[in-house]
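Asks: Shown below is the structure under consideration.
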Amino acid sequence: MLDDVISILMNPFFIKAFIGIFISALVAGNIGPILTTRGISFLTAEVAHAVLGGAALGIFIRSFILSNVDPLIIALLFGILSGLIAAYLGEGGRGRFEAAIGMSLALSMAVAVLFLAIIPSEDIPLVWGYLLGDILFLSLNDIILLSTSTILILIISLLFNREFLYIAFDEDGAKAMGLNTRLYHYISIFISSLGIVVLTKALGSIIIYAILIVPPMMASMLTNSYTRIRVLSFLSVLIYGIIGLYISFLVNVAPSGLIALLLVSTYIIIRLRRG
748 MLDDVISILM NPFFIKAFIG IFISALVAGN IGPILTTRGI SFLTAEVAHA
798 VLGGAALGIF IRSFILSNVD PLIIALLFGI LSGLIAAYLG EGGRGRFEAA
848 IGMSLALSMA VAVLFLAIIP SEDIPLVWGY LLGDILFLSL NDIILLSTST
898 ILILIISLLF NREFLYIAFD EDGAKAMGLN TRLYHYISIF ISSLGIVVLT
948 KALGSIIIYA ILIVPPMMAS MLTNSYTRIR VLSFLSVLIY GIIGLYISFL
998 VNVAPSGLIA LLLVSTYIII RLRRG
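Going by our numbering, the first residue of the sequence shown is number 748, and it counts up by one from there.
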């Protein structure tokens, strides 16, 4: 029994997947609370689907224009740009922002459908890989790029943590104090979009909503402290990620879906017990 556990833990695929889980936990712990406290969790779905369009565009560029282009970089840039465009078009109120997110989502899916019809058929599964995700098959280049992006997210989150709190809980008051709320709004959208792209590559766009939104929702039922919500969100994704990853090795199922199922089930149980 112990030998089997050690064998799984020392498996190269498990080690790379664990790194991916740790990266995902860091990202979720930092941007999940931003999305939920600001009421813009729908941005998660918009950027995650924009990644599909970006990946299809990246594969098109690699196939017909520049053969050395990494589709992940194009997907990264496309996802961030999509989030920033939604932020710009949605200036003037939450209702307009939600409408802008919907328009950006439609545009992203249109781009994905267009380039899926053009790219070589053998490359189409690469695009669907962003939809379903498979953390067991992250390459070294993927891990390096995702790690670099995560470090950038952490640095910006630490530098502007107080400003993000102000615009999340009292944007009008922050503006009255002279804070450049528009600037910090765009910075928060930038790191949120970047983090969503990271998680989409690691875990897939289908279940990313559960990874980003459920942990801070669970944490908010246990504490009102924003800092504790971030810590608990990080720990939730890390712990459930490791458990889901280990079980997936034992029963041969997709780890991403299992992790999301465990998180959502736990949230439902906590919610039912609290009435």
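From the three backbone atoms N, C-alpha and C, an ideal C-beta is built for every residue, glycine too. Just so it is clear, the structure is predicted and the values come from calculations on it, not from any experiment.
What distance in whole Å lies between the Cβ atoms of Ala833 and Tyr956, which are believed to be in contact at a cut-off of 8 Å?
Replies: In fact, because the Cβ distance is near 16 Å, the residues do not count as touching under 8 Å.
Asks: Expressed to the nearest angstrom, what Euclidean distance is found between the alpha-carbon atoms of Thr783 and Met965?
Replies: 11 Å
Asks: What's the C-alpha gap between Lys922 and Thr928?
Replies: 6 Å
Asks: Spatial neighbours of Ile954 within its chain, please: C-beta separation below 8 Å, excluding the five flanking residues on both sides.
Replies: Gly880, Ser1003, Gly1004, Ile1006, Ala1007
Asks: Going by C-alpha distance, which of Leu831, Leu756, Tyr993 is nearest Met850?
Replies: Checking every option, the nearest Cα to that of Met850 belongs to Leu831.
Asks: If I'm right that Phe760 touches Leu892 with Cβ under 8 Å, what's the distance once you round it to whole angstroms?
Replies: About 19 Å separates the two Cβ atoms, so there is no contact after all.
Asks: Which residue spans inside the segment 756 to 817 form an unbroken alpha helix (DSSP H) run of at least 4?
Replies: Unbroken alpha helix (DSSP H) stretches of 4 residues or longer found wholly inside the segment 756 to 817: 759 to 784, 789 to 811, given in chain order.
Asks: Whether or not the segment 798 to 806 and the segment 984 to 998 are in contact is what I'm after, with contact meaning three or more pairs of Cβ atoms, one per stretch, closer than 8 Å; do they touch?
Replies: no
Asks: Mind the definition here: the segment 770 to 777 touches the segment 940 to 949 only if three or more C-beta pairs lie below 8 Å; say whether that holds.
Replies: yes
Asks: Report yes if the C-beta distance between Ser939 and Ile778 is below 8 Å; otherwise report no.
Replies: yes
Asks: Starting from Ile1048, trace the alpha helix (DSSP H) both ways and give me its first and last residue.
Replies: The chain is shown only over 748 to 1022; residue 1048 falls outside these bounds and no answer can be derived.
Asks: At which residues does the alpha helix (DSSP H) containing Gly942 begin and terminate?
Replies: 928 to 950
Asks: Mind pulling the alpha helix (DSSP H) runs of 4 or more residues that sit fully within the segment 815 to 903?
Replies: 818 to 836, 841 to 863, 871 to 879
Asks: Could you pull out every residue in the same chain whose Cβ sits closer than 6 Å to the Cβ of Glu918, ignoring the five residues on either side in sequence?
Replies: Thr928
Asks: Could you say if the segment 805 to 820 and the segment 864 to 879 meet the contact criterion of at least three C-beta pairs nearer than 8 Å?
Replies: yes
Asks: With DSSP as the reference, label Gly988 as helix, strand or coil.
Replies: helix
Asks: Classify Thr970 as helix, strand or coil using the three-state DSSP reduction.
Replies: Looking at Thr970 - three-state DSSP - the assignment turns out to be coil, as it is neither helix nor strand.
Asks: Count the other C-beta atoms from every protein chain shown that fall within 10 angstroms of the C-beta of Phe916, then say buried if there are 16 or more, exposed otherwise.
Replies: Burial check for Phe916: the Cβ neighbour count within 10 Å stays below 16, so the residue is exposed.
Asks: Leaving out five residues on either side along the sequence, give the residues of the same chain with a beta carbon under 8 Å from the beta carbon of Leu790.
Replies: Leu782, Gly830, Ala833, Ile848, Ile936, Ser939, Ser940, Ile943
Asks: Take the Cβ of Thr897 as the centre, count every other Cβ of all protein chains shown within 10 Å, and call the residue buried at 16 or more, exposed below.
Replies: Buried, since its Cβ has 16 or more Cβ neighbours within 10 Å.
Asks: When we look at the beta-carbon of Val1000 and count the other beta-carbons within 10 Å, is it buried (16 or more) or exposed?
Replies: Taking all protein chains in view, the Cβ of Val1000 is surrounded by fewer than 16 other Cβ atoms within 10 Å, so the residue is classified as exposed.
Asks: Pick helix, strand or coil for Gly1004, following the three-state DSSP scheme.
Replies: helix
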